[in-house]
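Numbered according to our numbering, the sequence shown terminates at residue 1226, and the numbering increases by one at each position without gaps. Ideal Cβ placement from N, Cα and C applies to all residues, glycine included. Let me begin by presenting the structure, written as structure tokens, before commenting on it.
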Amino acid sequence: MRRAVGTILEAGFQMESEAFKTLVEKGREDSLKPLVDEVLKMASLAQPRPLFISADLVLKAAEQLNLAAGLTVPVDEGLGHGRRFAEDRESKLEVVFDPTGKLGTTGAFDDFLRYFRNRFEKMSALFRQRIDTRSAGTISDALAGGTNGRGRFVAMVVEKREKANRIFLTVDDYDDEATVLVGDSNPSVWQTTRRISRDQVLFLETRKSSGKLLVAENIVLPEIPDHKPGRASDEVYAVLVSDVHVGSKVFMEDAFGRVLGWLKGEVGGPDQRHIADRVKYVIIGGDLVDGIGVYPRQELDLKVPDIYEQYRLAAKLVGEIPEYMDVVLIPGNHDAVRQALPQPAIPKEFAGPVYDSRRVVSLGDPSEVRLEGVDFLLFHGTSLMDILSSAPGFDYQRPVEVMEYQLRARHLAPEYGKSTPIGPEMEDWLVVEHVPDVFESGHIHVPGSGVYRGTTIVNSGAWQGQTDYQKRMGLVPQPGLLPVVNLQSLQVRMMDFREKDNRKRRDKKKREIAEKRKKDNQRPQFRSGLSREQRAFVFPAWPGTAGFGPYSVLEARIGSPRLVVSNLERNS
Ligand SMILES: [Fe+2]
655 MRRAVGTILE
665 AGFQMESEAF
675 KTLVEKGRED
685 SLKPLVDEVL
695 KMASLAQPRP
705 LFISADLVLK
715 AAEQLNLAAG
725 LTVPVDEGLG
735 HGRRFAEDRE
745 SKLEVVFDPT
755 GKLGTTGAFD
765 DFLRYFRNRF
775 EKMSALFRQR
785 IDTRSAGTIS
795 DALAGGTNGR
805 GRFVAMVVEK
815 REKANRIFLT
825 VDDYDDEATV
835 LVGDSNPSVW
845 QTTRRISRDQ
855 VLFLETRKSS
865 GKLLVAENIV
875 LPEIPDHKPG
885 RASDEVYAVL
895 VSDVHVGSKV
905 FMEDAFGRVL
915 GWLKGEVGGP
925 DQRHIADRVK
935 YVIIGGDLVD
945 GIGVYPRQEL
955 DLKVPDIYEQ
965 YRLAAKLVGE
975 IPEYMDVVLI
985 PGNHDAVRQA
995 LPQPAIPKEF
1005 AGPVYDSRRV
1015 VSLGDPSEVR
1025 LEGVDFLLFH
1035 GTSLMDILSS
1045 APGFDYQRPV
1055 EVMEYQLRAR
1065 HLAPEYGKST
1075 PIGPEMEDWL
1085 VVEHVPDVFE
1095 SGHIHVPGSG
1105 VYRGTTIVNS
1115 GAWQGQTDYQ
1125 KRMGLVPQPG
1135 LLPVVNLQSL
1145 QVRMMDFREK
1155 DNRKRRDKKK
1165 REIAEKRKKD
1175 NQRPQFRSGL
1185 SREQRAFVFP
1195 AWPGTAGFGP
1205 YSVLEARIGS
1215 PRLVVSNLER
1225 NS
């Protein structure tokens, strides 16, 4: 510290006492010299040149050195810094589930029948685990009761029709079929139903009407239970990367290079370096390369139009990850492997150079791994856009809500036959049978994180700028942010590897989008599942109003001038 102060004085500056304190606080042993250098650089450039170094200036310099600001702090060479925390730590990675080697549908009619029956059985088993839905009967039982007879059963949705404010679900089980009417007189059931899609498996409580018509009194999603997640015994980290898109014209090579530099301990301020030293696991959640022929006119977006070359380039990057870290790789829809879910691991024929570059645990999509006792569900997220586009109230800029819905529906691709291809396998591996502690997806190119009933949800964003295709589709990605999960606390930190100028431009763009949405009145104020017209007057119940819970929403609807009270569940 004495030498640091001496350097400042020699440069012709005085120091305020607060600045000295800040320097002590911010400058750890190994970062003091770069911090002082930065302070002097900023002070020399300032106009007018200051006489005194202020605490504010030290803070600004510390911020500049921060990795988020895009600057690098070179590691002092020749000092022989010690081994890194994670380097001496034994790997605690277990593969819990991998679909690779289990797949092999022929697509015959019988395969489809078996697939859907398996889905129904797996889901029914989930409902049997719940106390409130354990005693389910069948559709036949519900239909056998006289008028107004009550029924409780598990069924799969065959068809869904909406007419004005009424929804008709055709549901079936092994023996029978019925039509279930959901009216808006029961708003919470009506709202749940609005998001329900074909092929979902539900628990229904009904009242018998005429013929094969049942009126819904309650509809229950399989849900995940609130649970206490597993945690690592020490502060150790997993880095979640996805959608790198090597080979794309807008692959953010520099930003990704900074990630690799940070993992190697070459860049970053003291805090970032502390985390980097403790990173033991790197998950690559699909779309490592941009692929070829994935969407119409993709060739216009490609810098490297050769899939083998794309993987060769990717291998160079993956090979830079320090050897003592465990790398887990799953495919995405841009990788060179079958597109139908579940996807097996990317074959050696294409990703061979990646596998040769270092040790890689290559799995299918979806997969489950246990890292330090924390259960991860890894899913590229190919179905996210299907769910987004078919259910009301979702927005691709908030991917965590869609992922939360997948957990509630206990299925990664609830509706069959949309734009996500699904292989009718012997078993439905897309059912979320085991409740994960961390659920990771990518695909949307917008990062985010949240917690739902003890499960940490993370979308890992992207390392690709906006493609022409995305421009045409009106999609604005948010690349360059890296989620890092502390496996001890399960806290997620979004590390910013974007360039400063880029970040400012993107933040401005983000503000513009928000403004535009506000103007268009398109942004839902509450997740009430109402259409734009119906959402004309939505406001929260005021505190303490009798009969209304803290998440109640009052809706005054156009064309029906009455108040409807929706008791929304938290996070629903
Ligand atoms: Fe992607």
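Check	Outcome
Simplified DSSP state of residue 787, which is helix, strand or coil	helix
Nearest neighbour of residue 1142, chosen from 977, 1092, 909, 1163 [CA to CA]	1092
Alpha-carbon to alpha-carbon, residue 1099 and residue 1120	9 Å
Quiz: which residues have CB nearer than 5 Å to ligand 1 non-hydrogen atoms	897, 941
DSSP-derived helix/strand/coil call for residue 1102	strand
Span separating the alpha-carbon of residue 739 from that of residue 927	11 Å
8 Å contact criterion, which residue 895 and residue 1136 should meet: CB distance rounded	7 Å
Pair within 8 Å by beta-carbon distance, residue 1108 and residue 1132	no
Closest Cα partner of residue 753 within the set 1017, 985, 988	1017
Distance between residue 906 and residue 964 (C-alpha atoms, nearest Å)	14 Å
Sub-8 Å separation of residue 808 and residue 823 beta-carbons	no
Where residue 1196 sits in the DSSP three-state scheme	For residue 1196, the pLDDT reaches just 37, beneath the cut-off of 50, and the residue's location in the model is therefore unreliable, although a value from the coordinates is still provided. DSSP places residue 1196 in coil when its eight states are reduced to three.
Alpha-carbon to alpha-carbon, residue 1102 and residue 835	36 Å
Rounded straight-line distance, which links the Cα of residue 872 to that of residue 918	54 Å
Test item: CB-CB of residue 1019 and residue 984 under 8 Å	yes
Endpoints, alpha helix (DSSP H) assigned at residue 795	793 to 798
Sequence-distant residues of its chain with Cβ nearer than 7 Å to residue 1228 (five each side left out)	Residue 1228 lies beyond the stretch modelled for the chain, which goes from 655 to 1226, so this question has no answer here.
Three or more C-beta pairs below 8 Å linking the segment 786 to 804 and the segment 845 to 863	yes
Pick from 1037, 949, 703 that is closest to residue 1126, judged by C-alpha positions	949
Under 8 Å between C-beta atoms of residue 1078 and residue 761	yes
Start-end ranges of the alpha helix (DSSP H) lying completely within the segment 1045 to 1079, minimum 4 residues	1053 to 1063
Any beta strand (DSSP E) of 3 or more consecutive residues that is wholly inside the segment 810 to 877	820 to 826, 831 to 837, 855 to 862, 867 to 874
When 674, 680, 666, 717 are compared against residue 704, the one with the closest alpha-carbon	666
Beta-carbon gap between residue 958 and residue 971 smaller than 8 Å	no
Rounded separation between residue 1021 and residue 1090 - CA only	11 Å
Closest residue to residue 686 among 716, 697, 668 (Cα-Cα distance)	716
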